[in-house]
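All remarks here apply to the structure that follows.
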Amino acid sequence: MTDLKTVRVIAFPGAPNLPTFAAIEQGFFAGEGLDIELALTPSSVAQAEKTAAGEFDIVFTAFDNVVAYGEGQGATAEGVNPDYVVLMGATQLELAIVTAPEVRTYEDLKGRSIALDALTTGFAFVLFEMMAKSGLSRDDVTFAAVGATPQRWQSVKSGEHAATLAIEPFTSIAKRSGFNVLDVSSNHFDSYQGGAIAARRAYAAENPETVKAFIRAYLKGLEWTLDPKNRETAAELLQAKMPDIQPAAVPSIMASLLSPRSGLTPGSGILPEGMKTVLDLRSRYGKGGKPLTDISKYLDLSFFEAVTDDK
């Protein structure tokens with residue numbers, strides 16, 4: 001048997017990892033000669049620091065994180081640059097404001113604390129915009145940098161914070177645990193590029209065939225995940241990989257994940273209008289103070305196009 005080439009991947013915990021799980025379990029990566037080492041990050045800061053240190057090759061991250069570090073606005077210490085470049089899209093991603101049981105309106109959040117990953121990430125900006133549109137000022141609440149969704153959800157569950165932003169499966173887990181979903185981002189944004197699949201620029205430039213092999217295998221995993229005939233097996237795989245999911249929550253999680261409105265993007269193409277939404281929010285809420293309008297500077301779609309043009 002040919003030796004497999006190791007590709008080190010870092011992602012946020014969540015249901016959007018299902019195509020990667022599928023591509024591993026179904027042997028799609030192995031079929032492309034790859035051995036995937038998948039690690040889950042506790043925060044966007046940890047993800048950027050470890051990638052900058054050369055510990056990871058492929059990064060599943062929010063598109064805004066790519067923009068932030070590309071513009072020198074990342075949340076890490078100054079000088080840390082993961083040098084992200086987007087290879088292809090991943091998710092539209094619906095963000096939910098999950099709140100304590102007693103918090104049922106935006107007004108109820110006044111004087112309370114909200115848990116975020118970091119205070120200068122795109123998802124924080126989504127929250128700021130949702131609050132502004134709903135009559136709640138940022139001065140009405142306090143914010144705490146807690147980390148990725150599992151840590152944030154636990155901080156709300158324990159009563160340490162009154163609310164957070166969540167993705168599936170944590171949104172459904174929270175609802176079934178008696179917590180509220182105050183609002184969802186899809187109520188406010190027609191398109192929002194949530195997740196993207198990126199790499200270190202240097203890694204992509206030095207390993208073009210490996211990057212293309214990764215893309216081919218991932219797309220097979222995505223196609224398998226979205227195929228209706230695999231729905232039951234896909235749901236079982238998600239539960240196996242994320243055992244905290246209650247069986248009764250699986251149908252709603254899968255429905256959200258498989259909807260292009262709130263989850264995986266069919267074909268993994270980018271969402272240009274969704275990317276422009278990300279740039280608009282960072283232009284208004286980020287620390288750079290300059291308008292960002294050019295999505296192309298954060299992308300290198302040549303590998304993706306080479307793979308999809310061959311089909």
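The working numbering numbers the first residue of the sequence shown as 1 and each following residue consecutively.
We treat Cβ as the ideally placed atom computed from N, Cα and C, and that holds for glycine.
If you pair each beta-carbon of the stretch 211-230 with each one of the stretch 262-282, do three or more pairs fall below 8 Å? Between the stretch 211-230 and the stretch 262-282, the count of C-beta pairs closer than 8 Å reaches three or more; the two stretches touch.
Could you please give me the residues that DSSP links to residue 56 through a beta bridge? Per DSSP, none; premise fails for residue 56.
For residue 308 and residue 6, the rounded distance between their alpha carbons: CA-to-CA, the gap between residue 6 and residue 308 works out to about 23 Å.
Inter-residue spacing [alpha-carbon to alpha-carbon] between residue 117 and residue 195: Approximately 15 Å, taken between the alpha carbons.
Inter-residue Cα distance where the pair is residue 107 and residue 292: C-alpha separation (whole angstroms): 32 Å.
Quick one: grab the DSSP three-state call for residue 195. Looking at residue 195 - three-state DSSP - the assignment turns out to be strand.
Helix, strand or coil at residue 302 [DSSP, three-state]: Assignment of residue 302 by DSSP, reduced to helix, strand and coil, places it in the helix class.
Based on Cα-Cα distance, which residue from 86, 19, 179 and 37 lies nearest to residue 230? The candidate whose alpha carbon is nearest that of residue 230 is 19.
I need the straight-line Cα distance from residue 111 to residue 208, nearest angstrom please. Separation of residue 111 and residue 208 (C-alpha to C-alpha, rounded to the nearest whole angstrom) is 51 Å.
Whole-angstrom C-beta distance between residue 166 and residue 153, which should lie under 8 Å: The distance from the Cβ of residue 153 to that of residue 166 is about 6 Å, consistent with a contact at the 8 Å cut-off.
For residue 206 and residue 48, what's the separation of their Cα atoms in angstroms? Using only the alpha carbons, I get a separation of about 20 Å.
Span of the alpha helix (DSSP H) holding residue 174? 170-176 is the span of the alpha helix (DSSP H), which, as asked, contains residue 174.
Would you report the Cα separation of residue 115 and residue 127, rounded to the nearest angstrom? Their backbone Cα atoms lie some 11 Å apart in a straight line.
If I measure Cβ to Cβ from residue 170 and keep anything under 6 Å in the same chain, skipping five residues before and after, which residues do I get? Correct list, in chain order: 149 and 153.
Drop a sphere of 10 angstroms on the beta-carbon of residue 4, count the other beta-carbons inside from all chains shown, and report buried for 16 or more, exposed for fewer. Classification for residue 4: exposed.
Among the residues of its own chain, which have a CB less than 8 Å from the CB of residue 122, if the five just before and after it don't count? Same-chain partners within the cutoff: 62, 63, 64, 65, 67, 68, 278, 281 and 282.
Residue 227, buried or exposed, once every other Cβ within 10 Å from all chains shown has been counted against 16: Exposed, because fewer than 16 other Cβ atoms sit within 10 Å of the Cβ of residue 227.
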